[in-house]
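Enquirer: Below you'll find the structure I mean.
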Amino acid sequence: MRQAVIGGALLVIGAVCVALGLLPLSDLAVLADRVVPVLAFVLGLTVVAELAADAGVFDRLADLAALVGRGRTAGLWAAVVALAVLCTVFLSIDTTAVLLTPIVITLARRVGLPPMPFALTTVWLANTASLLLPVSNLTNLLAVDRMGLDGPIPFAGLMVWAALAGVVIPCAVLLVVFRGRLFGRYTPVSVRRMTDPVFFWSASAVLVALVIALTAGVAVWVAALAAAAVLVVVAAFRAPAELRPARVPWSTLVFAAGLFVVVETLHTTGVTEPLVRALTGGTDAGSLLVLGGAGAAAANAIDNLPAYLVLEPAAGHEALRSAALLVGVNAGCLVTPWASLATLLWHARLSSEGVQLSWGRYMALGCVVAPLTVVAGVLALGA
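For the sequence shown, full-length UniProt numbering assigns the number 1 to the initial residue and increments by one for each residue that follows.
Here it is as structure tokens:
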């Protein structure tokens, strides 16, 4: 609700800016042409992920992870890492933080393990593993066109080593911090029966088709909305009670739309020009580290999405500089609670599941993992 209020206020401010001529209508039209498909993708993917969760797809995957672990805690944790990475890469950061977190917590409790290491794994990887594909993070979708890359495969080719660093470094820190809890044994559990096999297999098929479409270069908003439409039709017959207006991410859409308009006004009026000029540089390691570090600092100050939008002109249309900025805002937003919307949503889910983690401890751990991940990720771009 707070996000919707802030988004509404931003939209009102944006409307005033347009009315006063601070943001010309021609610039607003160009902005709309860029961001409307992105918002349509967010809408479609959120509906797909929510209905797939209702169908039990993520529960089933969690049970399979418990089987893969073969009774060893480290094996189960490795399976959860793989699940979180795949979920983030193909279904975006919010799906992992919001939908996978309570499922992983339930799984840990079912097998008698402390949930905290697994919960922290999901939120860290939701952010840091979101570097590989355009669909993994909203910032990536905004950046890919400016980078001059033709589709998801060239994007992945540029980001692959940074994305790998974004998985390896947080996992290494988790192993050190929770070394006493991640090595041991647990009693494997059986895979739960499907409540509605038709709904389950339909949702699974839609998810597979969506992943194929997104990696094959189909327009992401078309693929996501088509997948959502199919699942809505299936749910209308198999689980009509799940088709609630609340499933539409209204607050996220309003917040993002208002943010886009306000930041574009700041760029148009030249307010951000001194900052952009100060960060202008080349593609040598030093310049990339400065830009990535600035992205991380801005993300922890004002949230990663506005941080990317404000600093985007500093990257220009140079693919490597845009990649460094993405590493900063995506992998560096692990310190303050508000650095990523996904983190706030994750903490809310954590509290609703009865798992307590103080923001002080979260920030202390973030001060360790965020700088290491950003530096490693930016340097890995050179590979």
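For glycine and all other residues, C-beta sits at the position ideal for the given N, C-alpha and C.
1. Under a Cβ-count criterion, where at least 16 other Cβ atoms within 10 Å of its own Cβ denotes burial, should residue 364 be classed as buried or exposed?
2. Three-state secondary structure (DSSP) at residue 193?
3. Which of helix, strand or coil does DSSP assign to residue 179?
4. Just mark residue 237 as buried or exposed, buried being the case when its beta carbon has 16 or more other beta carbons within 10 Å.
5. Of all the options 105, 30, 248, 120, which has the alpha carbon lying nearest to the alpha carbon of residue 49?
6. To the nearest angstrom, how far is the alpha carbon of residue 53 from that of residue 224?
7. Taking DSSP's pairing of strands, which residues face residue 185 in a bridge?
8. Within a Cβ cutoff of 6 Å, which residues of the same chain sit near residue 77, ignoring the five residues on either side of it in sequence?
9. Determine the direct distance from the alpha carbon of residue 117 to that of residue 351, and round the result to whole angstroms.
10. In whole angstroms, what is the alpha-carbon distance linking residue 66 and residue 121?
11. In the structure shown, what three-state DSSP assignment does residue 131 receive?
12. Do residue 321 and residue 275 come within 8 Å of each other at the CB atom, strictly closer than that value?
13. Pull up the CB-CB distance for residue 128 and residue 330, whole angstroms please, since I reckon it's below 8 Å.
14. Using C-beta distances below 8 Å, list every residue in its chain close to residue 167, excluding the 5 sequence neighbours before and after it, in chain order.
15. My output table needs one value for residue 115: the three-state DSSP class, helix, strand or coil.
16. Mind checking residue 358: buried by the 16 CB within 10 Å criterion, or exposed?
17. Along the chain, which unbroken stretches of the beta strand (DSSP E) at least 3 residues long are found entirely within the stretch 256–315?
18. For residue 299 and residue 197, I'd like the C-alpha separation in whole angstroms.
19. Assign residue 273 to one of two classes, buried (16 or more other C-beta atoms within 10 Å of its C-beta) or exposed (fewer than that).
20. Give the list of continuous alpha helix (DSSP H) stretches no shorter than 4 residues that lie fully inside the stretch 192–224.
21. Excluding five sequence neighbours on each side, which residues of the same chain lie with their C-beta closer than 8 Å to the C-beta of residue 279?
22. What are the boundary residues of the alpha helix (DSSP H) that residue 50 is part of?
23. Less than 8 Å separating the beta-carbons of residue 64 and residue 191?
24. Does DSSP put residue 239 in a helix, in a strand, or in coil?
25. How big is the Cα-Cα spacing for residue 305 and residue 340?
26. Would you decide whether residue 349 is buried or exposed? Buried here means 16 or more other CB atoms lie within 10 Å of its CB.
27. Below 8 Å CB to CB, which residues in the same chain sit around residue 164 once its five sequence neighbours on both sides are set aside?
28. Candidates 43, 343, 148, 303: which alpha carbon is nearest residue 100's?
29. Less than 8 Å between the CB atoms is what I'm expecting for residue 134 and residue 215, so what's the real figure, rounded?
30. Pull up the distance between the alpha-carbon of residue 323 and that of residue 156, whole angstroms please.
31. From residue 42 to residue 70, what distance separates their C-alpha atoms?
Expert: In brief:
1. exposed
2. coil
3. coil
4. exposed
5. Nearest option by C-alpha distance: 248.
6. 16 Å
7. 72
8. 182
9. 15 Å
10. When rounded, the distance between both Cα atoms is 16 Å.
11. coil
12. no
13. Sure, about 7 Å apart at Cβ, within 8 Å.
14. 81, 85, 125, 128, 129
15. Note: residue 115 maps to coil in three-state DSSP.
16. When all chains shown are included, residue 358 counts as exposed.
17. Segments of the beta strand (DSSP E) lying fully in the stretch 256–315: there are none.
18. 42 Å
19. exposed
20. 197–215
21. 290, 291, 294, 311, 314
22. 25–54
23. yes
24. coil
25. Spanning the two alpha carbons is a distance of roughly 8 Å.
26. buried
27. Excluding positions up to five away in sequence, the list reads 380.
28. Taking the Cα of residue 100 as reference, the smallest distance to any Cα among 43, 343, 148, 303 is reached at 343.
29. Between residue 215 and residue 134 the Cβ distance is about 10 Å, and since that is not below 8 Å, they are no contact.
30. 11 Å
31. For residue 42 and residue 70, the distance between alpha carbons rounds to 36 Å.
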